[in-house]
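Numbering of the sequence shown is given in the working numbering, commencing with residue 63 and proceeding in unit increments.
We put the beta carbon where it would ideally sit given N, CA and C, even for glycine.
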Amino acid sequence: MGTKEKVLIANGQGFWGDSILGPIRLVNEGPLDYLTLDYLAEVTLSIMQKLRSRDPKMGYATDFVKLIDRVLPQLMEKDIKVIANAGGVNPHACKDALLEVAAKHGIKGLKIAIVEGDDILDDLDNLMAKGEAFANMDTGAPLTDVRDTVSSANIYLGAFPIAEALDAGAQIVLTGRGTDPGLVLGPMIHEFGWKKDDFDLLAAGTIAGHMVECGAQCTGGNYTDWRRIPDMAMIGYPIVEAKPDGSFTITKHENTGGLIDVSTITHQLCYEMGDPENYLGPDCCADFTSVKIEQDGKDRVRVSGAVGSPPPETLKVSISYHEGWKASGQLTICGPDALDKAKLCAQIVWDRLAFDGADYSAEERFEEFVGSGVCHEGIAGGTNYDPVEVVLRMGVRGPDRKKVDRFGPELVPLVTSGPPGVTGFAGGRPKATEVIGFWPALLHHKYVSTNVEVFES
């Protein structure tokens, strides 16, 4: 446990694919104590499992290693600790890659901690034999319905294992699946000595983590009033100024783009919240309606008054499984009557497939006419709207890979055997790709155990 009265915790990654410039600039443009990085979404782990099955050295967020390669000397010089769920389903391979980066830079004494316990794929059958049904939270169906096609199963772990890793002196903490807010809450537990029954404090840290978990989405990115966001190209990523009493301020480095005010922060607070009075997590339940949010100067918003309660007895489990195959492609249709021509093109494809014995039901096929108001149907242009160009997007899905593959070859022929104005075909023939289904479930916490291990360069 540290003795600081204020800790600076930044989040520089909202998803796997977010800008690498975000965390690089956070490290270089001002003071920091911690840099957190969130790479995982619901289906990401299944993709990582597939990568690992092809190569035992894969299965983690490779972008993270590239980032550390670019900033490791600065991290060491400024004593900035990094917490990331980049370990995915293969944190040891990620750790090995990081140790190679440290050796490349001639850095000795770098401590990397791995938090394990979230991956229960190999223990599913044993847990089911003990009575855990892993019923789908949306449908109520038992996991036995898809058990043979399950490709990943990961528990959402909490923040205390992260704090344990920091207690052990880790400079980089690698986790697999955990809660997004836990990346930020972990350092607060470590620095301030918060206990497992300090529910108001844990709720404060959870809310802080939730506010910054999507990176620049709370500093003006994806914001409704986007015209008043300055210098979005150099948008600043968020920093939590955390205090031991649970109050905190969201800010960003000086002279960076973006905007932090009560509105931008409140927009993010409402993101994916579920029940605002009972935000469930493995460490606590947080009441989002309890906090006071107030402007505290330019690009500074202070949050206080968080109220929490004990966590539920179960933890969420993210399970992925094989759900068939899909293929999709697109064409651009231009000129007069573009929308009518695009609709004709779609019908031609369906008719030709049916003629060749590859017909699809309405549930198995998809068509969309981008440019005709599909995002907000009925708003743009009214009923007489006639766009000068339309992007026809089509797709199919089903259990038969060969049948799905039959779809792709019927798009290109429309260039010469369809109506005029068909152009813009790119990317080659669409090919069948696997559909990954998501199966949310619950597991009693008594079956969950974690392990923290520290390695040194």
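Who are the Cβ neighbours of residue i in its own chain at under 7 Å, not counting the five residues just before and after it?
i, result
"Thr-281", "Ile-297, Gly-298, Tyr-299, Pro-300, Lys-314, Gly-320, Leu-321, Ile-322, Thr-326"
"Gly-367", "Ser-352, Val-353, Lys-354"
"Ser-108", "Ser-213, Ser-214, Ser-382, Ile-498"
"Val-453", "Gln-392, Thr-394, Val-432, Gly-433"
"Ala-203", "Ala-197"
With a 10 Å radius around its C-beta and 16 neighbouring C-beta atoms as the bar for buried, classify residue i as buried or exposed.
i, result
"His-272", "buried"
"Ser-213", "buried"
"Ser-434", "buried"
"Arg-87", "buried"
"His-562", "Past the edges of the chain, shown from 63 to 519, lies residue 562, and the structure says nothing about it."
"Asp-141", "exposed"
"Trp-256", "buried"
"Asn-317", "exposed"
"Leu-83", "exposed"
"Gly-171", "exposed"
"Pro-85", "buried"
For the candidate residues the options, whose alpha-carbon lies nearest to that of residue i?
i, options, result
"Ile-381", "Glu-194, Glu-104, Asp-80, Leu-473", "Glu-104"
"Asp-418", "His-438, Val-466, Ala-203", "Val-466"
"Arg-116", "Glu-194, Ala-424, Asn-152, Ala-278", "Asn-152"
"Val-208", "Val-484, Asn-513, Leu-504, Phe-500", "Phe-500"
"Asp-345", "Lys-66, Val-477, Ala-266, Ala-404", "Ala-266"
"Leu-236", "Ile-291, Ala-488, Thr-124, Ala-197", "Thr-124"
"Ala-221", "Arg-414, Gly-343, Leu-505, Arg-364", "Gly-343"
"Asp-349", "Asp-358, Asp-361, Leu-331", "Leu-331"
Excluding the 5 residues preceding and the 5 following residue i in the sequence, name in chain order all residues of the same chain whose CB lies nearer than 6 Å to its CB.
i, result
"Asp-95", "Val-69, Leu-70"
"Gln-136", "Val-89"
"Ala-146", "Leu-99, Phe-126"
"Ala-494", "Trp-387, Ala-389, Arg-463, Val-466, Asp-467"
"Asn-340", "Cys-347"
"Phe-254", "Pro-306"
"Val-477", "Val-484"
Pick helix, strand or coil for residue i, following the three-state DSSP scheme.
i, result
"Met-199", "coil"
"Tyr-509", "helix"
"Lys-170", "coil"
"Glu-253", "helix"
"Lys-388", "strand"
"Ala-544", "Because the chain spans 63 through 519 in this model, residue 544 falls outside it and cannot be assessed."
"Met-456", "strand"
"Thr-211", "helix"
"Leu-97", "strand"
"Thr-124", "helix"
"Glu-429", "strand"
"Leu-321", "coil"
"Glu-375", "coil"
"Leu-205", "helix"
"Thr-281", "coil"
"Asp-187", "helix"
"Gly-271", "helix"
Taking 8 Å as the limit between beta carbons, can you name the residues of its chain near residue i, skipping five residues before and five after?
i, result
"Arg-491", "Gly-391, Gly-470, Pro-471, Leu-473, Val-474"
"Phe-517", "Lys-157, Leu-161, Lys-173, Ile-174, Ala-175, Ile-176"
"Glu-548", "Because the chain here runs from 63 to 519, residue 548 falls outside it and cannot be looked at."
"Gln-111", "Gly-121, Val-151, Leu-183, Ser-213, Ser-214, Ser-382"
Checklist line | Touch test, the region 220 to 230 against the region 391 to 406, Cβ-Cβ under 8 Å, three pairs minimum | finding: no
Item checked: contact_flag[the region 428 to 435, the region 448 to 465] where n(CB pairs < 8 Å) is 3 or more -> yes
Check: When the Cβ atoms of the region 158 to 174 are set against those of the region 118 to 133, are three or more pairs found closer than 8 Å?
Finding: yes
Check: Within the chosen definition, does the region 181 to 199 reach the region 505 to 517 through at least 3 CB pairs nearer than 8 Å?
Finding: yes
Next item on the list: Answer yes if the region 241 to 249 comes into contact with the region 283 to 294, meaning at least three C-beta pairs across the two stretches below 8 Å, and no otherwise.
Entry: Segment contact: the region 283 to 294 against the region 241 to 249, fewer than three CB-CB distances shorter than 8 Å; contact not assigned.
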